[in-house]
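Peer 1: Structure below; questions to follow.
Residue numbers (my numbering): 2 to 478.
Okay, here's the thing in structure tokens:
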């Protein structure tokens, strides 16, 4: 089985003026923020000395920023674009785990079901291991991808497509510890989960993920090429093919290495753009797919020895970046991927590279720099708005708010009309409401029916007879 890939398209350069939109999935980002983020990403590509970085962020208003910098190939010379897909590796695990958790919500299975209830006995695998232990890498099962015989076997027949059970039975070895006794990352856990999805639904994991998540969320670039057609242009991966210590353009080899892609499967076999993945990560981690109770279970973590300053939940990692809590995952399989959601900012950040000398942990500083850049943009925006040219003290209550926000101030008795405007931190107007002056020493103006406003930071501004009076920062819970 061979794939015919489209030629990589030449980068489309967008010329932006003040406040036009940087297009990505039909969403818009103001030029100042785009410029700051682009400079940060470009500088990190130089710092890391990688062939390319491709990144995307989704903001609280669902706007998406995306940028790609660097090269895909040298012959012909071709730059990466935001339309290019990269292998996301183990970021796939967030999708597989979400499918299993959704099946649990639907009553199809239980997270505390034992393996023997779904899969026939396999040598060296304890049949009493639970689905929960598989999801959280507490099973003790040997990682079949670490078997020294695995890679030579896959290279021996690169067109072969492996079934998860055949893979496990061929390369399994004795367990590392008893179920629940410790923690150890093992891809075999997710190969078994793929089989459980098949047994529970009658469909392959990739069919369930597409039907449940990818199609409804319009994630049109994501695909696993050993089982599906990959229609998007692919950023060429750079690997040392001949052992001389120099990375080569390995695209023709790697894109046809279908045996490896089929083996990675539900543990790490998908290609996608950063835009699709960052949309996925924010949608999933903020709780738009599963119930609050299920997400609480998913985010219940255990110590994860070997993962730098990271703990592990049900198919997700928890980590702090510059003091901000984040949930997400990294992925490594020649390409490297890192994708995270920041609850306090309601923001997702995703970064990929096509340079195999870097793993996903080396992308952590890029995530951190992009987060800090966004925070600096917010500080600049809200700092100026809160302090500059305020003609009176504006009080807001409650702050944070949920459904209603009151604006209180004294003076301005001689003005005829007031207007209250609520803007998000991208400078986009969320709502505006006009009021007649009640003629009181202290005026109270109310904005109600705000439950539809997404959580995040906003700027509320007061105008009197068309003139700007004051602006204050508020937070929607």
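All residues carry an ideal CB built from backbone N, CA and C; glycine is no exception.
All values reported here derive from a predicted model rather than from experimental measurement.
1. Would you check if the distance between the CB atom of residue 354 and the CB atom of residue 325 is smaller than 8 Å?
2. How many Å lie between residue 450 and residue 362 at the Cα?
3. Under 7 Å: does the beta carbon of residue 206 sit that close to some heavy atom of the ligand NAP?
4. Using the DSSP secondary-structure output, state which residues sit across from residue 330 in a beta bridge.
5. Which of helix, strand or coil does DSSP assign to residue 144?
6. Report the rounded CA-to-CA distance for residue 243 versus residue 233, giving the unit in angstroms.
7. Buried or exposed, going by whether 16 or more other CB atoms sit within 10 Å of the CB of residue 212?
8. What would DSSP say about residue 282, mapped onto helix, strand or coil?
9. What does the alpha-carbon distance come out to for the pair residue 83 and residue 254?
10. What would DSSP say about residue 90, mapped onto helix, strand or coil?
11. Can you grab the Cα-Cα spacing for the pair residue 359 / residue 432, in whole Å?
12. Give the secondary structure of residue 225 by DSSP, where H, G and I count as helix, E and B as strand, and everything else as coil.
13. Quick one, are the C-beta atoms of residue 270 and residue 165 less than 8 Å apart?
14. To the nearest angstrom, how far is the alpha carbon of residue 474 from that of residue 458?
15. Whole angstroms are fine: how far does the CA of residue 367 sit from the CA of residue 394?
16. Residues in its own chain within less than 6 Å of residue 351 by CB, not counting five upstream and five downstream?
17. Kindly identify the DSSP beta-bridge partner or partners of residue 469.
18. Give the DSSP-derived three-state secondary structure of residue 119 in the structure shown.
19. In terms of DSSP beta bridges, what is residue 432 paired with?
20. Do residue 261 and residue 162 come within 8 Å of each other at the CB atom, strictly closer than that value?
21. Can you tell me whether residue 472 is buried or exposed, with buried defined as 16 or more other CB within 10 angstroms of its CB?
22. Pull up the distance between the alpha-carbon of residue 36 and that of residue 311, whole angstroms please.
23. Can you check which of these residues, 119, 68 and 343, is closest to residue 198 by C-alpha distance?
24. When DSSP labels each residue in this structure, what does residue 137 get in the three-state scheme?
25. By Cβ distance, which residues of its chain are closer than 8 Å to residue 209, with the 5 residues on each side in sequence left out?
26. Would the stretch 440-449 count as touching the stretch 40-55 if we require 3 or more Cβ pairs under 8 Å?
Peer 2: So, to answer that:
1. no
2. 43 Å
3. Because no ligand of any kind appears in the structure shown, any question about the ligand NAP cannot be addressed here.
4. 340
5. coil
6. 28 Å
7. exposed
8. helix
9. 23 Å
10. helix
11. 45 Å
12. coil
13. no
14. 7 Å
15. 39 Å
16. 57, 275, 278, 279 and 340
17. 464
18. coil
19. 423
20. no
21. buried
22. 31 Å
23. 119
24. coil
25. 100, 198 and 202
26. no
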